[in-house]
Structure formats: C-alpha cells, structure tokens
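Shown next, in structure tokens, is the structure this report addresses.
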Amino acid sequence: MRKVGTLIGKYQGAPIPALIKRLNQTLRGWGNYHRYVVSSEAFSYVDNYVYHKLWKMLKKRHRNKSKEWLKKNYWTAAKGRHQFSIKVKTKKKEPRVYQLFRLRQIGIKRYVKVRAKANPYQQEFGEYFYRRRHDKKAKLAMTWGGC
Numbered sequence: 381m382r383k384v385g386t387l388i389g390k391y392q393g394a395p396i397p398a399l400i401k402r403l404n405q406t407l408r409g410w411g412n413y414h415r416y417v418v419s420s421e422a423f424s425y426v427d428n429y430v431y432h433k434l435w436k437m438l439k440k441r442h443r444n445k446s447k448e449w450l451k452k453n454y455w456t457a458a459k460g461r462h463q464f465s466i467k468v469k470t471k472k473k474e475p476r477v478y479q480l481f482r483l484r485q486i487g488i489k490r491y492v493k494v495r496a497k498a499n500p501y502q503q504e505f506g507e508y509f510y511r512r513r514h515d516k517k518a519k520l521a522m523t524w525g526g527c
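Numbers in my numbering are just positions in the sequence shown, counted from 1, shifted up by 380.
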C-alpha cells in the first residue's frame, strides 16, 4: 500500500501511460503473491485505495477541470465497471489504450493439500504423486495456453 502511494506521488508529473505501466507491474506482482490466501477483501481495499489516490492526483493535476471531464478522459466503462485508462496515439499514429490492472481480476486459488500419510519414497504412493504432478502440469498448460 505504501509503495503504491509513493509511486503515484513520484509519477505526479509523469505521463499517465508511464504511471499505468509501473502501477500494473507493482499491483500484478503483489496480487499474484497474495492470490493463494483469503485476500479478496484486501484486493478490494487496495483497488479502492488506488482509485482514491489517482483521483486525488488528477484533481491536483487538472485543477480547473470538472469531475465530469476527469471521468470522461480517464475512466472508461468496460464490462459494466469503470476502468482507469487512457487512449494515446503511438508514433505510427495508431491509438493505444493503457488500462490500470485491477486486483479483483485475479482469481483466488487454493493449494491442493498433500495427503497426510502420503510419502514420495514409498512405492504404494507412486501413483498418487504421479497423478498429482500430471494434474498440476495440465492446469499450467491450460493457464499458459500450451506454451
């Protein structure tokens, strides 16, 4: 949380795409680290915190602009939710959209516990550990699209 606040403060005068890129890296890393525990409330809290920090920064940056102008230029409606994003033209004059990553998009995953009596050094549990390893690889292949 403190890191996100200092990041937004540090990038106060920087271009918005640079801020979004840096925030996305930080939020995605933090979220992937904490996805295996009960953290949906924490994710909501951090998303809310980031929203308020960004709103405060934009109000400071554009003092003479109205709330409606800020919403129109920095928040877009995507799938029924307002998403902090900005549309920028690249050097080739093509539009590119930079969107802020939301922690709520990360799915909470649970670890599959190993049976208490299972021992990888005993022959009778060989099939159990083989199946467990195979299932894990299959899930990874589904996640990464067979890469």
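Glycine included, C-beta positions come from ideal geometry on N, C-alpha and C. None of the values given here were measured: they were computed from a predicted structure.
Asked, Found
"Residues sharing a beta bridge with R461, DSSP", "A458"
"I488 versus N412 - alpha carbon distance", "9 Å"
"Nearest neighbour of K451, chosen from P500, W435 and N444 [CA to CA]", "W435"
"For R321, the three-state DSSP class (helix, strand or coil)", "Outside the displayed range of the chain (381 to 527) lies residue 321, so it cannot be described from this structure."
"Distance between K517 and E474 (C-alpha atoms, nearest Å)", "39 Å"
"Near the ligand HEM: R511 beta-carbon under 8 Å from a heavy atom", "Although the ligand HEM was asked about, the structure shown includes no ligands whatsoever."
"Residue burial classification, L483 (beta-carbon count within 10 angstroms, cutoff 16)", "buried"
"Exposed unless 16 or more other CB atoms sit within 10 angstroms - verdict on W449", "exposed"
"C-beta atoms of K439 and Q392 nearer than 9 Å", "no"
"For K519, the residue or residues it bridges with in DSSP", "DSSP output for K519 lists no bridge partner at all."
"Cβ-Cβ separation, I466 to I396 (assumed contact under 8 Å), whole Å", "5 Å"
"Limits of the unbroken beta strand (DSSP E) element including Q392", "Looking at the DSSP string, Q392 is not in any beta strand (DSSP E), and its letter there is neither H nor E."
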